[in-house]
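Okay, so the sequence shown: first residue is 0 according to numbering that gives the first Met the number 0, each after it adds one. Virtual Cβ for every residue (Gly too), placed ideally from N, Cα, C.
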Amino acid sequence: MFALFDEAGKFLAGRVMSEADSSMQVELDSGKRVKVKAANVLLKFDKPAPAELIAEGQRLAQEIDLDLAWEFAPDTEFGFAELARDYFDAKAGITHQAAALFRLFEAPHYFRRAGKGQFKKAPEDIVKAALLGIERKKQQALQIEAWAAELAAGTCPAAIKDQIYKILFKPDKNGPEYKAVVEATKLAHKAPLDLLKDAGAITSAYQFHWKRFLFENFPKGTGFPALTAPEIKDELPLAPVAAFSIDDSATTEIDDALSVQGLGTGTVIFGVHIAAPGLAIQPDSAVDKVARDRYSTVYMPGWKLTMLPDEVVQVYTLTEGRDCPAVSLYVTMDEATLAVKGSETKLERVPIKSNLRHDKLDNVITEATLSGAEPATYEFAPELAFAFRLAKHLKAQREVVRGKPETFNRPDYNFRLSSGGEREPDGTEEVSISTRARGTALDLIVAEAMILANSTWGGWLNELGLPGIYRSQASLAPGIKVRMGTKALPHAGMGVAQYTWATSPLRRYVDLVNQWQIIACARHGRTAALVAPFKPKDAALFSIISGFDAAYSAYNGFQSGIERYWTLRHLAQNGITELTAAVMKDGLVRADELPLVFKALGCEPLPRGSHVKVRITGLDEMTLDVHATLIERLDEAPAAATEEEAEDDEVEASGPLTLAIDVNADEAPAEGSTA
């Protein structure tokens with residue numbers, strides 16, 4: 000005797016080896032024996048053979064007209080054998096009964112399951128709605144098939160071209176456009192990007208990277224709503240200083256300036272002056288909502304997307320020749336020993352005498368001229384000399400706390416496009432890449448002044464009981480990252496007791512938030528906590544931190560990726576096929592004279608720090624991948640690695656582009672079953 004039974008929605012049949020009241024032992028055609036509950040047994044029969052029954056039953060099932068079967072079926076519950084007798088004939092045998100069972104089971108839109116072998120026909124309106132849905136799916140399947148054929152033949156349907164970035168990076172995997180791309184990759188035996196390039200959906204590698212970034216971060220576009228910069232209504236006193244800023248020539252958002260008073264008197268007052276949009280822009284105002292939506296300015300070679308519209312920025316930026324509203328930190332110190340005697344924060348108008356540009360002055364204002372070894376023939380020479388002496392002193396103090404010196408063993412790279420920043424790049428520009436030594440005299444002056452202000456203001460906020468947004472690092476141990484939070488905690492990497500970001504309020508939203516808190520302290524002192532915009536444990540601060548972290552990470556990732564694109568363009572434009580590099584790990588190398596980390600075949604067994612020459616065998620501007628092989632090793636003993644290498648971040652940015660499309664996602668049904 001044989002039995003047909005239901006095993007988790009699949010119909011199997013086999014020979015009955017033994018039978019009890021509640022179960023039976025059944026041997027399948029494969030020889031496997033299974034224990035089957037009696038409640039799951041739907042048919043017992045002597046012939047035909049199990050495999051023949053299932054095969055013939057499936058064939059006959061497809062001949063059953065579901066509309067006709069639905070008409071025949073009674074309005075009450077019924078069994079599959081009953082339907083077989085009504086549909087075929089009164090003497091319907093085992094094979095016809097199995098066919099009725101299979102057909103009923105696979106048509107839930109017509110017949111609902113009501114128990115062991117029992118069914119009930121669905122209401123007419125449900126059937127009609129289900130049939131419409133089935134027809135829609137059928138038409139969608141035909142559309143997917145047609146689109147896939149077009150793509151495979153080298154033409155991109157408009158519907159897919161319009162959603163190209165969504166399909167590749169944030170897909171609806173049930174969407175017909177996504178399914179068509181997956182199907183086309185299989186038909187054409189191509190990678191998704193190659194398929195879409197060949198079909199004309201992607202015509203420019205640069206536009207691909209740029210529009211992907213906009214799709215993910217600026218889905219509503221990069222334009223600003225109509226905004227008017229609010230006026231600063233405070234009656235601010237005029238500071239008795241002549242301040243100067245130090246920035247690159249391309250900088251339009253000038254956040255910070257410096258001043259020095261009292262040289263030659265024995266007591267010097269060092270001033271750090273920060274643009275004060277926080278005096279005018281209020282939390283939850285129209286301008287604030289725009290700044291919070293962006294969180295930061297986005298930088299890239301030849302272009303930038305500012306956090307605030309230029310017409311707003313220009314109202315508050317520290318432009319030379321103007322008396323600019325500022326939040327000023329004055330640190331009083333002994334001129335000889337540089338011992339700090341006290342500090343004070345003021346809200347005032349600061350005369351900005353000059354906007355110095357370090358890209359024009361790096362070769363003029365040098366360590367030699369600042370230290371007196373060579374003549375200094377530039378403006379603010381005494382003030383800059385003092386600021387440089389102070390910067391070296393502050394850096395040395397931090398390094399004592401830090402436990403080791405800061406080293407800058409790699410340069411900064413400057414990208415210049417032939418468009419000159421006059422228009423948005425399109426990827427066809429000529430690019431030049433130059434180096435600028437890190438830690439130059441002007442860099443050091445600005446960096447130490449900002450660290451001094453950020454750490455001093457962070458401590459002041461904490462002293463007065465106000466929360467702020469801090470950056471902290473528990474230690475310099477490997478894997479210990481910098482974190483953002485609302486508590487004043489040490490920053491081991493900086494070597495300071497606490498560290499905020501408050502010196503770039505025109506470019507970073509957290510700096511604007513911290514400036515609001517600092518302004519409250521400057522206005523109200525010990526009672527500032529009663530009136531500050533953000534109170535201790537304010538949920539809004541945690542929301543800002545979370546949003547800023549995500550946006551800032553995305554912006555930095557894009558900047559790294561687009562700089563990598565321009566580096567590959569530089570190689571191609573200049574016909575560079577060989578590079579010298581230092582080995583990192585797992586076959587990765589870092590180019591000596593370009594900001595480029597990539598894998599070079601043959602370098603895997605070499606120790607870290609080995610110096611090598613490699614040959615570039617291929618570049619892919621779409622995936623940002625570099626193909627290279629080892630030519631020769633140039634040294635005998637590798638150089639020691641340094642802490643400043645930050646290899647984890649570089650390794651992460653060195654790999655090719657990752658897509659969210661999965662061409663192997665389909666699953667086949669289990670073998671030897673019918674459902």
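Using CA coordinates, which residue listed in the options is at the minimum distance from residue i?
i, options, result
"lysine 169", "Gln138, Glu215, Lys196 and Asp197", "Glu215"
"alanine 581", "His569, Arg293, Leu595 and Ala491", "Leu595"
"threonine 316", "Ser342, Asp255, Pro374 and Leu3", "Asp255"
"serine 21", "Val35, Phe10, Lys9 and Lys31", "Val35"
"glutamate 144", "Ile133, Glu134, Ala157 and Pro175", "Pro175"
"threonine 305", "Gly8, Arg568 and Ser503", "Ser503"
"histidine 161", "Glu182, Ala440, Lys210 and Val363", "Residue identity differs from the one stated: residue 161 is aspartate in this sequence, not histidine. Taking only the C-alpha atoms, the option nearest aspartate 161 is Lys210."
"aspartate 333", "Leu389, Val512, Val314 and Phe379", "Leu389"
"glycine 426", "Val530, Arg563 and Ser295", "Arg563"
"histidine 626", "Ser295, Ile159 and Leu570", "Leu570"
"aspartate 292", "Val312, Ala241 and Phe217", "Phe217"
"glutamate 592", "Asn413, Leu307 and Ala48", "Asn413"
"proline 324", "Pro489, Arg348 and Thr331", "Arg348"
"tyrosine 109", "Val509, Lys137, Glu234 and Pro73", "Pro73"
"alanine 179", "Pro156, Gly199 and Glu81", "Pro156"
"glycine 30", "Leu42, Val15 and Ala151", "Val15"
"tyrosine 377", "Met583, Val363 and Leu27", "Val363"
"alanine 54", "Lys90, Leu3 and Glu18", "Leu3"
"phenylalanine 547", "Arg32, Lys127, Ser295 and Glu26", "Ser295"
"phenylalanine 243", "Phe387, Glu462 and Phe379", "Phe379"
"glutamate 149", "Leu186, Gly524 and Pro122", "Leu186"
"alanine 335", "Gly402, Val267, Phe387 and Val314", "Val267"
"glutamine 572", "Met583, Leu618 and Pro604", "Leu618"
"glutamate 423", "Lys288, Thr368, His95 and Met299", "Met299"
"glutamate 18", "Phe10, Lys9, Asp5 and Val33", "Val33"
Would you call the CB atoms of residue i and residue j closer than 8 Å?
i, j, result
"tyrosine 86", "alanine 99", "yes"
"asparagine 354", "glutamate 319", "yes"
"valine 259", "phenylalanine 385", "yes"
"phenylalanine 223", "phenylalanine 557", "no"
"valine 611", "arginine 632", "yes"
"isoleucine 450", "methionine 493", "yes"
"leucine 360", "leucine 441", "yes"
"leucine 141", "alanine 97", "no"
"glutamate 182", "alanine 158", "no"
"tryptophan 725", "lysine 137", "A query on residue 725 cannot be resolved here, the shown segment of the chain reaching from 0 to 674 and no further."
"asparagine 555", "threonine 499", "no"
"alanine 599", "leucine 629", "yes"
"valine 297", "glutamate 252", "no"
"leucine 346", "isoleucine 444", "no"
"serine 471", "leucine 488", "yes"
"proline 308", "leucine 226", "yes"
"proline 350", "alanine 491", "no"
"alanine 50", "aspartate 28", "yes"
"glycine 694", "glutamine 117", "Here the chain covers residues 0 to 674 and nothing more, so residue 694 does not appear."
"leucine 192", "threonine 622", "yes"
"glycine 56", "threonine 94", "yes"
Assuming residue i and residue j form a contact by the criterion Cβ under 8 Å, report the distance between their Cβ atoms to the nearest whole angstrom.
i, j, result
"lysine 115", "alanine 38", "6 Å"
"phenylalanine 1", "phenylalanine 44", "5 Å"
"alanine 501", "isoleucine 517", "6 Å"
"leucine 195", "leucine 658", "Between leucine 658 and leucine 195 the Cβ distance is about 10 Å, and since that is not below 8 Å, they are no contact."
"valine 326", "alanine 275", "5 Å"
"aspartate 273", "proline 229", "Looking at the sequence provided, one finds isoleucine at residue 273 rather than aspartate. Not a contact, Cβ separation roughly 18 Å."
"isoleucine 133", "arginine 102", "No, isoleucine 133 and arginine 102 are not in contact; Cβ-Cβ is about 15 Å, not under 8 Å."
"serine 342", "threonine 264", "Their Cβ separation, rounded to whole angstroms, is 18 Å, which puts serine 342 and threonine 264 out of contact at 8 Å."
"lysine 403", "glutamate 447", "With a Cβ gap of about 17 Å, lysine 403 and glutamate 447 do not count as contacting."
"alanine 539", "alanine 527", "Rounded, the Cβ-Cβ distance is 17 Å, inconsistent with contact."
Does any residue of chain D have a CB that is nearer than 8 Å to the CB of residue i?
i, result
"isoleucine 93", "Judged by its chain identifiers, the structure shown contains no chain D, having just a single protein chain."
Closer than 7 Å to a non-hydrogen atom of the ligand ATP - does that hold for the CB of residue i?
i, result
"aspartate 233", "The model on display carries no ligand, and the ligand ATP is accordingly not part of it."
Can you confirm whether the region 471–486 touches the region 426–446 when touching is taken to mean that 3 or more C-beta pairs between the two stretches lie within less than 8 Å?
no
Which parts of the region 367–436 are runs of the beta strand (DSSP E), unbroken and 3 residues or longer, counting only runs that do not cross its ends?
The region 367–436 is shown to contain whole beta strand (DSSP E) runs of 3 or more residues at 411–416 and 430–435, in chain order.
Would you check if the region 360–376 and the region 394–405 touch, i.e. whether three or more CB-CB distances between them fall below 8 Å? no
key: Entirely enclosed beta strand (DSSP E) segments - the region 232–275, minimum 3 residues   = With a minimum length of 3 residues, the continuous beta strand (DSSP E) runs that stay inside the region 232–275 are 242–246, 255–260 and 266–274.
Would you call the region 531–543 in contact with the region 457–468, where contact means no fewer than 3 C-beta pairs closer than 8 Å? The answer is yes - the region 457–468 touches the region 531–543, with three or more Cβ pairs under 8 Å.
Margin query: Please give me, in chain order, every unbroken run of the beta strand (DSSP E) with length at least 3 that falls completely inside the region 532–580.
Written below: none
Self-check item: Whole beta strand (DSSP E) elements within the region 97–134, 3-residue minimum
Solution: 110–114 and 117–120
Alpha helix (DSSP H) segments (min. 4 residues) lying fully within the region 34–77:
49–60 and 65–71, all fully within the region 34–77.
Query raised in the report: Which ranges does the beta strand (DSSP E) cover as unbroken runs of at least 3 residues, wholly within the region 428–516, from first to last along the chain?
Result: 430–435, 469–471 and 482–484
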